[in-house]
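Protein chains in written order, with the working numbering: chain E, 520 to 703; chain Y, 520 to 703.
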């Protein structure tokens, strides 16, 4: 089994700062801004941080590339990240600009499918990374913590799915309305 | 703590058949059609069924009502269910027609938010129900099974979020294109 502190291949271009135990205070301070750990105790944050790796990204560095494989998610500890997706004319569209406390990449960590969007550090940025292998280790070695992490992930995805589904239904309604108006 | 076999208040209008242990063979047979349990062993299905309740719904019975609270998900064992959502003019729009092996209501089980859509049995239907309290019991009493259920839920939501997000991005692209054409 890979050592916890071994860096992710996909992040080899970033500066690996080791595992996140030395950052657990900083992670804990993000609780009010971070859904993933909002219900975590100090001890649980410390335990979780053993299974995460920390990386520094320079301004302009791509942390996640749309379409790539990849089996990790990240929690932004410091800095700002732009989330960009190519539209059908291959023009980059900014989907979001996020900062400390935001998490990115959960979907691919879970399902291993290609990344939905690209994430670029727009200022010097520090991230704590959790990969699928370490998530599996948490589940086996610390089942209650594992269940808690998974429960929070389910909650986050569920809320995002609600938001996205509502926007989709709204857009489809607008299309129907426009079609009806055109027909009049 | 409520007994496992005690029926859900929101399902009091349906015929409660007791807990799902007597149905674990039927549940197991649905593995090829059901993402939630696709990686479950026979023993895991049997264990899970202890924490589920089975209900019969007559043709036309509403099993889930859009906008209601509700803290359970269900697995369709037999029958057919129509998923309907009101559009902004309060007209019911059929979102999906699903049958044995499909699961419904995961989002509200997890986050307790109002139901996104209404589910109506369009023929005599049997469902196995898992509620949040029993999910919590699984996590405490059978942590590895709990982690497995949660992992499958995360996978399902993640895949649905991808599909929904892609459709949303596509629709937004089409709008942009239409706006550009109109401007020409």
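Cβ atoms here follow ideal geometry from the backbone N, Cα and C, with glycine treated the same way.
Because the structure is a prediction, the values reported are computed rather than measured.
Asked	Found
Could you give the DSSP three-state label for residue 542 of chain Y: helix, strand or coil?	helix
Under the three-state reduction of DSSP, which class applies to residue 662 of chain E: helix, strand or coil?	helix
For the beta strand (DSSP E) containing residue 630 of chain E, name the first residue and the last one.	Per DSSP, residue 630 of chain E belongs to no beta strand (DSSP E); it is in the alpha helix (DSSP H), 625 to 630.
Quick check: the Cα distance between residue 527 of chain E and residue 694 of chain Y, rounded to an integer number of angstroms?	39 Å
Consider the Cβ of residue 536 of chain Y: report whether some Cβ of chain E lies at a distance smaller than 8 Å.	no
The beta strand (DSSP E) spanning residue 597 of chain Y covers which residue range?	591 to 597
Starting from the C-beta of residue 643 of chain E, find all residues in its chain whose C-beta is less than 8 Å away, skip the five residues before and the five after it, and write them out in chain order.	575, 576, 577, 578, 597, 598
Counting contacts by CB-CB distance shorter than 8 Å, is residue 571 of chain Y in contact with chain E?	no
Anything in chain E within Cβ reach of residue 683 of chain Y, meaning under 8 Å, just list it in chain order.	680, 683, 684, 687
Any C-beta of chain E within less than 7 Å: which residues of the stretch 656 to 674 of chain Y qualify?	658, 662, 663, 665, 666, 669, 670, 672, 673, 674
Bridge partners for residue 647 of chain Y per DSSP, in chain order?	Y:573, Y:594
From residue 612 of chain Y to residue 564 of chain E, what distance separates their C-alpha atoms?	44 Å
Between residue 528 of chain E and chain Y, is the shortest Cβ-Cβ distance under 8 Å, so that the two count as touching?	no
Name, please, each residue of chain E whose Cβ falls closer than 7 Å to the Cβ of residue 632 of chain Y.	681
Is there a C-beta anywhere in chain Y that falls below 8 Å from the one on residue 567 of chain E?	no
State the Cα-Cα distance for the pair residue 538 of chain E and residue 677 of chain Y, rounded to the nearest angstrom.	27 Å
Secondary structure at residue 616 of chain Y, three-state DSSP: helix, strand or coil?	strand
Using a Cβ cut-off of 8 Å (strictly closer), state whether residue 599 of chain Y contacts chain E.	no
Look up residue 622 of chain E in the DSSP assignment and give the residues it is bridged to.	E:594
Hey, is the stretch 634 to 648 of chain Y in contact with the stretch 582 to 590 of chain Y, meaning 3+ C-beta pairs nearer than 8 Å?	yes
Rounded to whole angstroms, what's the CA-CA distance from residue 692 of chain E to residue 623 of chain Y? Just pull it up for me.	23 Å
Tell me whether the beta-carbon of residue 619 of chain E lies closer than 8 Å to the beta-carbon of residue 552 of chain E.	yes
Determine whether the Cβ of residue 604 of chain Y lies closer than 8 Å to any Cβ atom of chain E.	yes
If we count the other Cβ atoms within 10 Å of its Cβ and call it buried at 16 or more, is residue 726 of chain Y buried or exposed?	Absent from the structure is residue 726 of chain Y, since the part of chain Y shown begins at 520 and ends at 703.
Is there a Cβ of chain Y sitting closer than 8 Å to that of residue 560 of chain E, yes or no?	no
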